[in-house]
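Chains as they are written, first to last, in my numbering: chain A, 4 to 362; chain B, 72 to 278. We treat Cβ as the ideally placed atom computed from N, Cα and C, and that holds for glycine. Here the structure is a predicted model, which means the values were calculated and not measured. Each remark here refers to the structure printed beneath this line.
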Amino acid sequence: MQFGIFTVGDVTTDPTTGRTPTEHERIKNTVAIALKAEEVGLDVFATGEHHNPPFVPSSPTTLLGHIAARTENLVLSTSTTLITTNDPVKIAEDYATLQHLADGRVDLMMGRGNTGPVYPWFGQDIRQGIPLAIENYALLHKLWREDVVDWEGRFRTALQGFTSTPRPLDGVPPFVWHGSIRSPEIAEQAAYYGDGFFANHIFWPKQHTEKMVRLYRQRYAHYGHGTPEQAIVGLGGQVFMRKNSQDAVREFRPYFDNAPVYGHGPSLEEFARETPLTVGSPQEVVERTLSFREYVGDYQRQLFLVDHAGLPLKTVLEQLDILGEEVVPVLRKEFANLRPAGVPATAPLHPAVTAAKEA
Amino acid sequence: MRTLKLVAVSAGLGSPSSTRLLADRLLRAARYRLAEQEYAVDVEVVELRDLAVDIAHNFVTGFPSGKLREAIDTVTGADGVIAVTPVFTASYSGLFKSFFDLVDPTALTGVPVLIGATGGTARHSLVLDHALRPLFAYLRALTVPTAVYAASEDWGSGGDEYTEGLPARIDRAGYEFADAVAARPAREADEDEVVPFERQLADLRLD
Numbered sequence: 004m005q006f007g008i009f010t011v012g013d014v015t016t017d018p019t020t021g022r023t024p025t026e027h028e029r030i031k032n033t034v035a036i037a038l039k040a041e042e043v044g045l046d047v048f049a050t051g052e053h054h055n056p057p058f059v060p061s062s063p064t065t066l067l068g069h070i071a072a073r074t075e076n077l078v079l080s081t082s083t084t085l086i087t088t089n090d091p092v093k094i095a096e097d098y099a100t101l102q103h104l105a106d107g108r109v110d111l112m113m114g115r116g117n118t119g120p121v122y123p124w125f126g127q128d129i130r131q132g133i134p135l136a137i138e139n140y141a142l143l144h145k146l147w148r149e150d151v152v153d154w155e156g157r158f159r160t161a162l163q164g165f166t167s168t169p170r171p172l173d174g175v176p177p178f179v180w181h182g183s184i185r186s187p188e189i190a191e192q193a194a195y196y197g198d199g200f201f202a203n204h205i206f207w208p209k210q211h212t213e214k215m216v217r218l219y220r221q222r223y224a225h226y227g228h229g230t231p232e233q234a235i236v237g238l239g240g241q242v243f244m245r246k247n248s249q250d251a252v253r254e255f256r257p258y259f260d261n262a263p264v265y266g267h268g269p270s271l272e273e274f275a276r277e278t279p280l281t282v283g284s285p286q287e288v289v290e291r292t293l294s295f296r297e298y299v300g301d302y303q304r305q306l307f308l309v310d311h312a313g314l315p316l317k318t319v320l321e322q323l324d325i326l327g328e329e330v331v332p333v334l335r336k337e338f339a340n341l342r343p344a345g346v347p348a349t350a351p352l353h354p355a356v357t358a359a360k361e362a
Numbered sequence: 072m073r074t075l076k077l078v079a080v081s082a083g084l085g086s087p088s089s090t091r092l093l094a095d096r097l098l099r100a101a102r103y104r105l106a107e108q109e110y111a112v113d114v115e116v117v118e119l120r121d122l123a124v125d126i127a128h129n130f131v132t133g134f135p136s137g138k139l140r141e142a143i144d145t146v147t148g149a150d151g152v153i154a155v156t157p158v159f160t161a162s163y164s165g166l167f168k169s170f171f172d173l174v175d176p177t178a179l180t181g182v183p184v185l186i187g188a189t190g191g192t193a194r195h196s197l198v199l200d201h202a203l204r205p206l207f208a209y210l211r212a213l214t215v216p217t218a219v220y221a222a223s224e225d226w227g228s229g230g231d232e233y234t235e236g237l238p239a240r241i242d243r244a245g246y247e248f249a250d251a252v253a254a255r256p257a258r259e260a261d262e263d264e265v266v267p268f269e270r271q272l273a274d275l276r277l278d
């Protein structure tokens, strides 16, 4: 099973100091966080993609390419790549290039994005969100698998005799996850292609996740890719840890109370009860995380959100130390013991990555 | 014969509340009418006051708490809904609107709805027709023709030679509502349908 972190890339004022990092600081901090993830033995770093303040990651492959050059083992991924408003041709080119630079340590997660104006900014219509996700991915899928592509669709200029370069490393396209909170069409899309399905999971009660993963697993089997249990599932999680549970709650509360998205609403305790947020000791995080498989089945990737809401870099790096030392090693062992034979431990890795591991 | 489920939503804030009182009276009239026709009836009242904080939290977090989810499911699963609000600043109360903002816009399609409002003066009675009726028209509910407005003075007076009194209006509204509920076929539980991917592709002519 793979463990890692995913970042939204928000520039948020630290509510305890009133200080707001500059964009430059936030970008450099993001790199430091990714490098730390590798150092503490995590498997995956994924960045979001946003095209409006207060977010910095508008250019994911630039960021990931830089991180690729400074790491050896970390798988670089996205959370998510906007399949609706990016040109699928550019995605094919950018991520194939990244795949070469990172020697195969690349996969990506498709998402639609939930910021309305991004669609018109990129010449699209939000009401076409699902059809855009379906058509654009159909083209991307083809571009990575066929050397010469003829294409005509509803949303993009036609292509005649087009070859997307560079070709994927060793002819193996990057593995793709499809991320969605509650659109059955996207679970269906992931199942159809035999791709992975990633449930964002955080900030929401588990019901949507449970329902979407169940649907994805059934349809994955329906399309003949394997049994429902063999489908490739990833989940988000949100944690804040200190040795003593009370210290974690005390330290995280001001960040929680003022957080974008959910702040100024329910109490930390209520939100932790209703959503996967876990604030407490490493042991509590282990227990909560293990409980996820009770409603999604055995799954292949767990990503944690640890760097949002204005948490300072120092704190985030401490969180990664705790994850790497006290949480993930236990989770690796426990999940492996629980996983039945025949259920894949990870999403398919690029053969170059597998070879490097064996060497 | 199936049991009909009637749910009243009251946005009254006081205790006792004249809005709740009106909701109860409308429920009773509808129930009486249905009992005459030998229907079994289940009634429930959703008091929005008890959900006010949960409703506000839903706006912040984007999802309902367990308690609020149950209330929304109760309303959207009803065979008929009675919705009563006090008049605040010339319209329905913010709490009333906020609750219905959280109901899926298709969840009340075709569902009989009886609307009512209370206020200090009868001069606000058109709130039923300029605020509540359009709201339920948007939700594609089947709002019955008679809506009931109860001003403070209505609770202590009868009708006169020109106008029916409150009890007569309540009965008329309750009867119309009951008949609409009885006439409507049982609601089917709606399951999420999966559109097979081939069809999604075919819709884009990409197969």
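Please compile the residues from chain B whose C-beta is within a distance smaller than 9 Å of the C-beta of residue i.
i      : result
E191/A : V265, V266, P267, F268 and Q271
I137/A : F268, Q271, L272, D274, L275 and L277
P134/A : Q271, D274 and L275
Y195/A : P267, F268, E269, Q271 and L272
R222/A : V265, P267 and F268
E321/A : Neighbours of E321/A on chain B: none; closest Cβ ~27 Å, over 9 Å.
Give the single residue among the options whose Cα lies nearest to the Cα of residue i.
i      : options                           : result
F268/B : P351/A, A350/A, Y196/A and F200/A : Y196/A
R170/A : L66/A, L143/A and S284/A          : L143/A
L119/B : Y103/B, R140/B, R102/B and A111/B : R140/B
T212/A : A161/A, T349/A, I189/A and G227/A : I189/A
D225/B : T189/B, Y209/B, P216/B and A208/B : T189/B
A123/B : S162/B, S136/B and P176/B         : S136/B
L238/A : L271/A, E52/A, W207/A and Y140/A  : W207/A
L146/A : S80/A, A161/A, H353/A and P134/A  : A161/A
P176/B : G165/B, Y163/B and A208/B         : A208/B
L316/A : M4/A, D17/A and G7/A              : D17/A
L314/A : R220/A, E254/A and T65/A          : E254/A
R29/A  : S61/A, T19/A and E41/A            : S61/A
E264/B : R185/A, F274/A and G199/A         : R185/A
A95/A  : V121/A, P257/A and E149/A         : E149/A
Does the Cβ of residue i have 16 or more other Cβ atoms within 10 Å, making it buried, or fewer, making it exposed?
i      : result
M72/B  : exposed
R222/A : buried
G229/B : exposed
H27/A  : exposed
N203/A : buried
S223/B : exposed
K31/A  : exposed
L197/B : exposed
W180/A : buried
T160/B : exposed
K39/A  : buried
T25/A  : exposed
D310/A : buried
H267/A : exposed
N129/B : buried
D97/A  : buried
S1/A   : No information on residue 1/A is available, as it lies outside the stretch 4 to 362 that chain A covers here.
D131/B : Reading off the sequence shown, one finds Val at residue 131/B, where the question assumed Asp. Result: exposed.
T64/A  : buried
R157/A : exposed
Chain A partners of residue i, CB-CB under 7 Å?
i      : result
F134/B : W207 and P208
H128/B : G268 and P269
Which residues in chain A have a C-beta closer than 8 Å to the C-beta of residue i? List them in chain order.
i      : result
V131/B : Y265, G266, H267, G268 and P269
H195/B : Here the premise fails: no neighbours, minimum Cβ distance about 33 Å.
Listing by chain order, which chain B residues have their CB less than 7 Å from the CB of residue i?
i    : result
L2/A : Any question about residue 2/A goes unanswered here, given that chain A covers just 4 to 362.
Which chain B residues sit within Cβ distance under 8 Å of residue i?
i      : result
E213/A : The premise fails here: E213/A is roughly 13 Å from chain B at the closest Cβ pair, so nothing lies under 8 Å.
E254/A : Per Cβ cutoff of 8 Å: no residues; E254/A is ~22 Å from chain B at best.
E149/A : None at all; the shortest Cβ gap to chain B is about 14 Å.
Item to complete: Could I get the ranges of all uninterrupted beta strand (DSSP E) runs contained in the stretch 153-226 of chain B, with 3 residues as the minimum, in chain order?
Response: Runs found: 183-190 and 219-222.
Go through the stretch 69-133 of chain A residue by residue and report every complete run of the alpha helix (DSSP H) that reaches 4 residues or more, in order. Secondary structure within the stretch 69-133 of chain A: the alpha helix (DSSP H) runs of 4 or more consecutive residues, fully enclosed, are 91-104 and 121-124 (chain order).
Does the stretch 353-361 of chain A come close enough to the stretch 81-100 of chain B that 3 or more CB-CB pairs lie under 8 Å? Cβ pair count under 8 Å is below three, so no.
Residue ranges of each alpha helix (DSSP H) within the stretch 199-262 of chain A, 4 or longer: Qualifying alpha helix (DSSP H) stretches, in chain order: 209-225 and 248-261.
For the structure I just gave you, are there three or more beta carbon pairs, one from the stretch 98-106 of chain A and one from the stretch 61-78 of chain A, closer than 8 Å?
Contact holds: three or more Cβ-Cβ distances are below 8 Å.
message = For the structure I just gave you, are there three or more beta carbon pairs, one from the stretch 156-176 of chain A and one from the stretch 227-238 of chain A, closer than 8 Å?
response = No, the stretch 156-176 of chain A does not touch the stretch 227-238 of chain A.
Worksheet item: Counting Cβ pairs, one atom from each stretch, are 3 or more of them under 8 Å apart for the stretch 173-189 of chain B and the stretch 85-98 of chain B?
Response: Yes, they touch.
- Task: Would you be able to state if there are at least three C-beta pairs under 8 Å between the stretch 46-63 of chain A and the stretch 289-300 of chain A?
- Result: Touching, no, given that fewer than three Cβ pairs across the two stretches are closer than 8 Å.
So does the stretch 8-24 of chain A actually touch the stretch 303-320 of chain A, counting three or more Cβ pairs closer than 8 Å? At 8 Å Cβ cutoff, the stretches touch.
- [ ] Could you tell me which uninterrupted alpha helix (DSSP H) segments, each at least 4 residues in length, are contained entirely in the stretch 88-121 of chain B, listed from first to last along the chain?
- [x] DSSP runs (the alpha helix (DSSP H)) wholly in the stretch 88-121 of chain B: 89-107.
| task | Assess, as a yes-or-no matter, whether the stretch 246-257 of chain B is touched by the stretch 205-220 of chain B under the definition of 3 or more beta carbon pairs within less than 8 Å. | result | Pairwise C-beta distances place the stretch 205-220 of chain B in contact with the stretch 246-257 of chain B, as three or more of them are shorter than 8 Å.
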